[in-house]
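Some notes on the structure that comes next.
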Amino acid sequence: MAKKPDYYAVLGIARNADDAEIKKAYRRIALESHPDRFPDDPDAHERFRQASEAYEVLSDPERRARYHSTRLLEQGLDLARQPPTVASAQELFGSLFGDVFGNRRHQRRRGRDVRYTLTVDLEDAVLGSSHTIRFDGRGACDSCGGSGTEPGGRPPIECPNCDGTGEVKTGGFLSRRSRCGRCDGLGMIQQDPCKTCRGRGVLKRERSFDVRLPPGTEAGSEKLLRGQGEPGRYGGEPGDLRIKVNVRPHPWLTRDNLKLVCRLPVPLPRMALGGKVPVPTIDGWVDMDIPAGVATGTRLRLRGKGVPDTRGGRGDQFVELVVETPRDLSGTRTRELLLELERTMVREGVMPEHKKLLEALAAHEREGEQN
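Following the working numbering, the numbering of the sequence shown begins with -17 at its first residue and continues without gaps.
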């Protein structure tokens, strides 16, 4: 059997809370997370659902007592039973939002959130950058200030078609509810609609915003501009502008949290002899010392050349060395030099784990020469 959630923790109250405390806690969460106020926020929907479930149980004496018994069996806790007497969640919430659960009469409508994807280069995300974004959206009508009512005109009235609920019932015995076509589900209609926006309160227009990305911005992160979404209706608050950050792939660098990684091809002689090689970083090119005799796959560290940390400091860049082997050796002096090098080079393992294999290979070659 699924474990019961801690309804007291959901509401943020003590286990001996009385009816007034339960009611106050539920009222606060309901106002902060109701789906009609935050239609595009799934987290708010879940908080509201959990709070409603907790309130329905804790507000009923019998259900609260059964809940205590179940929790006692699950956790072995000695919880006091104090049955409160408060109204149902539906009755309480009706007083808060005008009968939200039943007749939803001419509610204020929060504006919809606007989503925008901002694509930037890796340098812009790592080092921080400023951008101006532009898109076609909907803004408040300048003529009516977003009210939808002609200046000096009569205020909107309750829709007579749906009696202000925004919904109409269709069908017979098996009836269903659908959005009212006359008021578009708003529950109100304009008596003197604005001539500019035709009573809608909004107009299509180009919108522009300046966006600042802080150093260390991650791909897929979201920047929130509160109140910059679409305007609300009938006094409702505007929605938010949600900007998702997309980062273009860099030709040489890849990001791993606070680290930057680069695979650097190095000519064979430089790998053997060591020396300085130029390395691309997010800040530009720098010279890096390669020790003599390094093997392909070796990783070297450039301290402080990684991604800035929001807590201070900066990560490192790692450079993976890859031997650059010449491919086209036909008719070149390089081929002769490599053959001469192979004949004269002493076979000593660069890494200890290769020593036995190289000794066995040398012995095998000597046997072949004797035969």
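In this text, a Cβ means the ideal position worked out from N, Cα and C, and glycines have one as well.
In this structure, Val229 is the residue among Thr52, Val229 and Thr152 with its C-alpha nearest to the C-alpha of Ser111.
Per DSSP, Gln299 lies in no alpha helix (DSSP H); the unbroken beta strand (DSSP E) holding it starts and ends at Gln299 to Glu306.
Taking the Cα positions, Ser312 is about 29 Å away from His346.
Rounded to whole angstroms, the separation of the alpha carbons of Thr263 and Leu104 is 11 Å. By the Cβ test, the region 193 to 210 is not in contact with the region 157 to 171, since fewer than three Cβ pairs between them sit closer than 8 Å. With respect to Ser190, Arg116 sits close: the two C-beta atoms are nearer than 7 Å.
DSSP, reduced to helix, strand and coil, places Phe30 within a helical segment of the structure shown. Sorting Arg237, Asp95, Glu341 and Ala12 by C-alpha distance to the C-alpha of Arg208 places Asp95 at the top. Within the same chain, Arg92, Gly93, Arg94, Asp95, Val96, Gly211 and Glu212 come within 7 Å of Gly221 by CB-CB distance, once the 5 residues on both sides are set aside. Asp106 is the residue among Asp106, Pro133 and Ala344 whose C-alpha sits nearest the C-alpha of Pro231. Assigned with DSSP and collapsed to three states, Tyr216 falls in coil, not helix or strand.
Taking the C-beta atoms as reference points, Ala26 is found nearer than 7 Å to Phe20. The alpha-carbon of Leu284 is positioned some 13 Å away from that of Leu240.
Taking 4 residues as the shortest admissible run, the region 100 to 159 contains the following complete alpha helix (DSSP H) segments, listed from N- to C-terminal end: 104 to 109. In the DSSP annotation of this structure, the continuous segment of the alpha helix (DSSP H) that includes Ile11 starts and ends at Asp1 to Ser15. Residue burial annotation: Gln173 is exposed, with fewer than 16 other C-beta atoms found within 10 angstroms of its C-beta.
With three or more CB-CB distances shorter than 8 Å, the region 238 to 255 counts as touching the region 289 to 304.
Distance from the Cα of Thr114 is smallest, within the candidate group Cys123, Thr99 and Gly127, for Thr99. The Cβ atoms of Gly256 and Ile272 lie closer than 7 Å to each other. DSSP lists Val259 as the beta-bridge partner residues of Met270. Put simply, the backbone Cα of Asp0 is about 17 Å away from that of Asp(-12). Residue state for Leu240 is assigned as coil, using DSSP reduced to three classes. Each residue's CA atom was taken as its position, placing Met253 and Val243 some 19 Å apart. In the DSSP assignment, Lys226 is bridged to Thr99 and Glu204. Taking C-alpha positions only, Pro138 is separated from Glu149 by approximately 17 Å. By DSSP's assignment, Arg187 forms a beta bridge with Gly119.
Between Cys176 and Leu185, the C-beta spacing is not below 7 Å.
At the C-beta level, Gly134 and Glu140 stay beyond 7 Å of one another. Judged by DSSP secondary structure, Leu284 falls within the beta strand (DSSP E) whose first and last residues are Arg281 to Leu284. Assignment of Leu311 by DSSP, reduced to helix, strand and coil, places it in the coil class. Between Gly128 and Ala122, the C-beta spacing is below 7 Å. Of Arg(-3), Pro249, Ala274 and Trp234, the smallest CA-CA separation from Trp267 is found for Trp234.
Of the candidates Leu319, Val276 and Leu282, Leu282 places its Cα closest to the Cα of Asp269.
CA-to-CA, the gap between Leu250 and Ala342 works out to about 24 Å. A straight line joining the alpha-carbon of Arg159 with that of Cys144 spans about 11 Å. When beta bridges are read from the DSSP output, Pro175 appears opposite Thr131.
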